[in-house]
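Taken in order, these protein sequences are the chains called A and B. If you read the first sequence in the working numbering, its first letter stands for residue 159, the second for the next number, and so on. If you read the second sequence in the working numbering, its first letter stands for residue 159, the second for the next number, and so on. We treat Cβ as the ideally placed atom computed from N, Cα and C, and that holds for glycine. The structure appears right after this line, and notes come after that.
Protein chains: 2
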Amino acid sequence: MTDKQINPDWVAVDAGAHGLRAWAMRGGRAVAQVQSGFDADDLTPAGLRPALDQLTAGWQTGAGTPVVICGPLEGGDAALRAVPCTPLGETLSRAAGAPSPLFPVPGLRQKSPADVMQGEETRIAGFMALNPGWDGVICLTGPHSKWAEVSAGEVVSFQSFMTGELVDLLGKHSTLRPALGTSAIDMADFTEAVSDALSRPERLAARLLTIRSGNLLRPQADGTGLAQLNGLLIGAELAAARAYWLGQNLALIGAPEQTRLYAAALEAQGAPATVADAARMALAGLTAAYRLANT
Amino acid sequence: MTDKQINPDWVAVDAGAHGLRAWAMRGGRAVAQVQSGFDADDLTPAGLRPALDQLTAGWQTGAGTPVVICGPLEGGDAALRAVPCTPLGETLSRAAGAPSPLFPVPGLRQKSPADVMQGEETRIAGFMALNPGWDGVICLTGPHSKWAEVSAGEVVSFQSFMTGELVDLLGKHSTLRPALGTSAIDMADFTEAVSDALSRPERLAARLLTIRSGNLLRPQADGTGLAQLNGLLIGAELAAARAYWLGQNLALIGAPEQTRLYAAALEAQGAPATVADAARMALAGLTAAYRLANT
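Next comes the structure, spelled out in structure tokens:
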């Protein structure tokens, strides 16, 4: 089918660090998908419209086509819902300021420890829709990974970690960069670093530097530095999130390149996890959200 | 005295993250000082010469004026001396490739845990020259802070932490930036964050994010975010370096804006430290090194 034959009755949009991903929906079925990079800082209802129009220009959508969107939409902070609560709530409201029917999925907030999620609640809802009755802990990987305890259809509590952003910052801007190499991550070096960080998590800032000094004194294999960087930071996260994963029913939702690292790290600690793709879970969650919308 | 009357018989140079700092020396006395920003990556013997000539252009130096320099001079890795050892060694050798008499102070290396210092050994030597018979632990602040155990005139062991670089990276490039404010650090918020990190150091990557999420949910005073960022990271360093400072005779060497934070953090843990200025210690160390040079 060519683009001009794509005539969605609604559009599902997942906005986040990965950019914008949009699906042309016919009822509960996606008939087409497009995506683009997008600066998450521009995610105002006003800034979103032109970017979305451009992205879906090939589809036959009108000003009246409903759009359901999840992610950190600016100005949506007031609408954050407090946990414990269901990931999507009872109904989905139309954004007040938007010229066309835009339905942002509200994020979740937690008072203590202070925390917010915007977008992950929809992936959790998607996972719950595809796995009815599932109870356990979901780790959503990303720049700010989130561990969420799910019980009886509600998100009970959650905790964010800036692990992904730290890996990215240290890999791109720090003095460690020359020691990181260009090869794929060596998985044996990775799990060794995870285990090292798990046993002595407080030594992180010192241990990170040994990636560089170890390499200065005795050059290492090309895949070792990046493996150690990821392993030390993910290991430190596992140390702090131990109460979330130890002896729990576990699921990982994220991009494959990240979930495979978390899965290997957890597996090495005797904690296997079900792995689900972030985009697929977002689509399932947006579909569930659309059913709640007052269109 | 005008510049043209400055006629040093040798030049002392401290190269590091702060740039280049040079002193015109008459025997053991500094008669003038100049400094400039300088990319530490260009610290090859060949790249150093033009930068140094430009910096000291106003002084009456010749091709034969000895230069004693400390810092991470590239190509000097082979000369690293293994701890335990005195900070400066017995003699100071002239660099082989340099056209004029250049005397780089060799750095120190430690096999396990793998670590190197280049420049700090000279500040330690300066502190020891000014405080004869001093035994204890010296913390040298900077992008990569170093804790060094000093006993009977030798550096016994040391450990580096990338705390300063992490504060800088997170302050400039991370999603925390909007929550950091522009005011001076609130010292009460700082010591509270230090104590928080010391009691639960493994929660660092989660706690850092609460600087942002706490601010999103309830806007904080302008000096709070930066105080928390510094407090959490310095607190995590203190947790990992506990064996270095607990019950020890302590000295801090660094730039005043950093040593005041470390001093406050240690003071709050009942561990007061003598504070010394990095540039002054470098000058004293370079002077001690000059006496060992085969000029």
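Expressed to the nearest angstrom, what Euclidean distance is found between the alpha-carbon atoms of residue i and residue j?
i      : j      : result
S353/A : Q218/A : 53 angstroms
G443/A : D347/A : 36 angstroms
F285/B : M439/B : 6 angstroms
A170/B : P264/B : 15 angstroms
N165/B : A180/B : 14 angstroms
I282/A : L441/A : 11 angstroms
A431/B : L408/B : 5 angstroms
F456/B : I227/A : With chain B represented from 159 up to 453, any question about residue 456/B goes unanswered, as that position is not in the structure.
L231/B : L210/B : 13 angstroms
Q427/B : R400/A : 28 angstroms
P208/B : D380/A : 35 angstroms
A287/A : R335/A : 42 angstroms
P414/A : A434/A : 9 angstroms
S303/A : A173/A : 16 angstroms
G205/A : Q212/A : 12 angstroms
L362/A : L356/A : 10 angstroms
G255/A : S332/B : 30 angstroms
G405/A : V314/A : 17 angstroms
G329/B : L328/A : 13 angstroms
A240/A : N289/A : 23 angstroms
E278/B : R365/B : 31 angstroms
L238/A : Q268/A : 9 angstroms
M275/A : L375/B : 12 angstroms
G412/A : I296/B : 44 angstroms
W403/B : E425/B : 11 angstroms
Going by DSSP, what residues sit across from residue i in a beta bridge?
i      : result
A304/A : First, the amino acid is wrong: residue 304/A is Lys here, not Ala. According to DSSP, K304/A bridges with L298/A, S318/A.
S309/B : E312/B
I411/B : L298/B, A434/B
W181/B : A170/B, Q191/B
Q268/A : D273/A
F285/A : Its beta-bridge partners do not exist; DSSP assigns none.
V226/A : A170/A, F261/A
L250/B : A451/B
I need the boundaries of the alpha helix (DSSP H) containing residue i, first residue and last residue.
i      : result
G174/A : Element bounds for G174/A: not the alpha helix (DSSP H) but the beta strand (DSSP E), 168-174.
I392/A : 382-398
D347/A : 345-357
Among residues of its own chain, excluding the 5 on either side of residue i, which ones have a beta-carbon nearer than 7 angstroms to its beta-carbon?
i      : result
I392/A : T321, V352, L419, Y420, A423
M159/B : Confidence is the limiting factor: at M159/B the pLDDT is only 49, short of 50, which leaves the residue's position unreliable and the question unanswerable from this model.
A337/B : I369, R370, N373, G383
Q386/B : D347, A351, I369
E312/B : P242, C243, T244
R184/B : P166, D167
V325/B : L387, N388, L391
S341/A : D380, G381
S194/A : G177, L178, L213
A437/B : D172, R179
V192/B : A180, L213, T214
Report all residues from its chain with a CB closer than 8 angstroms to the CB of residue i; omit the five preceding and five following residues, and keep chain order.
i      : result
L450/B : L246, G247, E248, T249, L250
G222/A : S258, P259
G291/B : none
M345/B : A385, A422
A188/B : A170, W181, A182, L441
Looking at the unbroken beta strand (DSSP E) that takes in residue i, where does it start and where does it end?
i      : result
Q193/A : 187-194
W292/A : No beta strand (DSSP E) contains W292/A, which DSSP labels as neither H nor E.
P242/B : Element bounds for P242/B: n/a, residue is neither H nor E.
Note down, in chain order, each residue of its chain lying with its Cβ closer than 6 angstroms to the Cβ of residue i, except the 5 sequence neighbours on either side.
i      : result
P359/A : A394, A397
Q416/A : T299
S309/B : D293
A447/B : V226, L246, L250, V263
G389/A : F348, A351, V352
Q317/B : W305
A190/B : I164, A182
T445/A : G186
E307/B : V295, V314, S315
The ligand FAD and residue i: does any heavy atom of the ligand fall closer than 8 angstroms to the residue's C-beta?
i      : result
G329/A : With respect to small molecules bound, the structure shown includes none, and the ligand FAD cannot be examined in it.
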